[in-house]
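**Student:** Below you'll find the structure I mean.
Numbering (the numbering used here), first residue to last: 31 to 201.
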């Protein structure tokens, strides 16, 4: 019963957003923040907040595809996140690894021709995360309909270096 009510409410909200937005942007960026606070309010472990955030991300990806948005950037793990307690950091690495692999294998990702790409200082991440990045990028490299950029180990310095590299390439 509640599931049906929730679906109708989400559908109505989506229609309202479509009317409010008007023209559709070509690129949407999402800073994934507040998952720990959400978990605390729910009386859950921080890792459950991160998992709930990752599940929400799947819906955002679907909305982008439905709306014709060409590029979605998810800011998933900043360089500041390396300072988190080891158990929380490792749980995040496990979740990122799991989600990258499951996204890359998801039928919907292939049907919608989503290309997954990691941006940031990926070489700073543990081997298991880098392997998941390589896997996701390889599985979706041939697609060009919707670009999903997952920002990992990113920060102000990484942004500046990226811009400098782009400028150097164009020169």
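Virtual Cβ for every residue (Gly too), placed ideally from N, Cα, C.
All figures in this text were calculated on a predicted structure; none of them were measured in a lab.
(1) How is residue 43 classed by DSSP in three states: helix, strand or coil?
(2) Going by beta-carbon coordinates alone, are residue 104 and residue 94 separated by less than 8 angstroms?
(3) Label residue 107 either buried or exposed according to how many other C-beta atoms from any shown protein chain fall within 10 Å of its C-beta, with 16 as the threshold for buried.
(4) By the three-class DSSP mapping on this structure, what secondary structure does residue 126 have?
(5) Does residue 92 come out as helix, strand or coil in the three-state DSSP assignment?
(6) Does the separation of the CB atoms of residue 152 and residue 176 fall below 8 angstroms?
(7) DSSP beta-bridge partners for residue 6?
(8) Please report the straight-line C-alpha distance between residue 185 and residue 112, rounded to a whole angstrom.
(9) From residue 46 to residue 39, what distance separates their C-alpha atoms?
(10) Per DSSP, residue 107 forms a beta bridge with which residues?
(11) Among 41, 156, 58, which one has its Cα closest to the Cα of residue 121?
(12) Could you check how far apart the C-beta atoms of residue 97 and residue 178 are, in whole angstroms? I think they sit under 8 angstroms.
(13) Judging by CA-CA distance, which residue of 183, 165, 49 is the nearest neighbour of residue 129?
(14) Reducing DSSP to helix, strand and coil, say where residue 171 ends up.
(15) Within 10 Å of its beta-carbon, does residue 150 have 16 or more other beta-carbons around it, so buried, or fewer, so exposed?
(16) For residue 109 versus residue 183, is the C-beta distance shorter than 8 angstroms?
(17) Comparing C-alpha positions only, which one of 54, 99, 41 sits nearest to residue 174?
(18) Hey, residue 146 and residue 161 are a contact pair by Cβ (cut 8 angstroms); roughly how many whole angstroms apart?
**Tutor:** In terms of the structure at hand:
(1) Residue numbering aside, residue 43 sits at position 13 when the chain shown is read from its first letter. Helix.
(2) Taking the first residue of the chain shown as position 1, residue 104 is located at position 74. Taking the first residue of the chain shown as position 1, residue 94 is located at position 64. No, Cβ-Cβ distance for residue 104 and residue 94 is not below 8 angstroms.
(3) The residue labelled residue 107 in the question sits at position 77 within the chain shown. Residue 107 comes out buried.
(4) Here residue 126 corresponds to residue number 96 of the chain shown, with the count starting at 1. In the structure shown, residue 126 falls within a helical segment according to DSSP collapsed to helix, strand and coil.
(5) Taking the first residue of the chain shown as position 1, residue 92 is located at position 62. In the structure shown, residue 92 sits in a helix (DSSP, three-state: H, G or I).
(6) Translated into positions along the chain shown, residue 152 becomes position 122. Translated into positions along the chain shown, residue 176 becomes position 146. Result no, Cβ atoms of residue 152 and residue 176 do not sit closer than 8 angstroms.
(7) Past the edges of the chain, shown from 31 to 201, lies residue 6, and the structure says nothing about it.
(8) Stepping through the chain shown from its first residue, residue 185 is reached at position 155. Stepping through the chain shown from its first residue, residue 112 is reached at position 82. Going from the Cα of residue 185 to the Cα of residue 112 covers about 11 angstroms.
(9) Translated into the one-based positions of the chain shown, residue 46 becomes position 16. Translated into the one-based positions of the chain shown, residue 39 becomes position 9. When rounded, the distance between both Cα atoms is 11 angstroms.
(10) In the chain shown, counting from the first residue as 1, residue 107 sits at position 77. Residue 107 is bridged to 182.
(11) On the chain shown, residue 121 is found 91 positions in, with the first residue counted as 1. Checked all of 41, 156, 58; the closest Cα to residue 121 is 156.
(12) Here residue 97 refers to the residue found at position 67 when the chain shown is read from its first residue. Here residue 178 refers to the residue found at position 148 when the chain shown is read from its first residue. Wrong, their Cβ atoms sit about 14 angstroms apart, outside the cutoff.
(13) Taking the first residue of the chain shown as 1, we reach residue 129 at position 99. Distances from the alpha-carbon of residue 129 to those of 183, 165, 49 put 165 closest.
(14) Position 141 of the chain shown, counting from 1, holds the residue named residue 171. Here residue 171 sits in coil by DSSP.
(15) Taking the chain shown and counting its residues from 1, the one referred to as residue 150 is at position 120. Burial is judged here by how many other beta carbons sit within 10 angstroms of a residue's own beta carbon; residue 150 has at least 16 and is buried.
(16) Sequence index remark: in the chain shown, residue 109 carries index 79 (1-based). Sequence index remark: in the chain shown, residue 183 carries index 153 (1-based). Result yes, Cβ atoms of residue 109 and residue 183 sit closer than 8 angstroms.
(17) Taking the first residue of the chain shown as position 1, residue 174 is located at position 144. Taking only the C-alpha atoms, the option nearest residue 174 is 99.
(18) Against the chain shown, residue 146 aligns to sequence position 116. Against the chain shown, residue 161 aligns to sequence position 131. With a Cβ gap of about 14 angstroms, residue 146 and residue 161 do not count as contacting.
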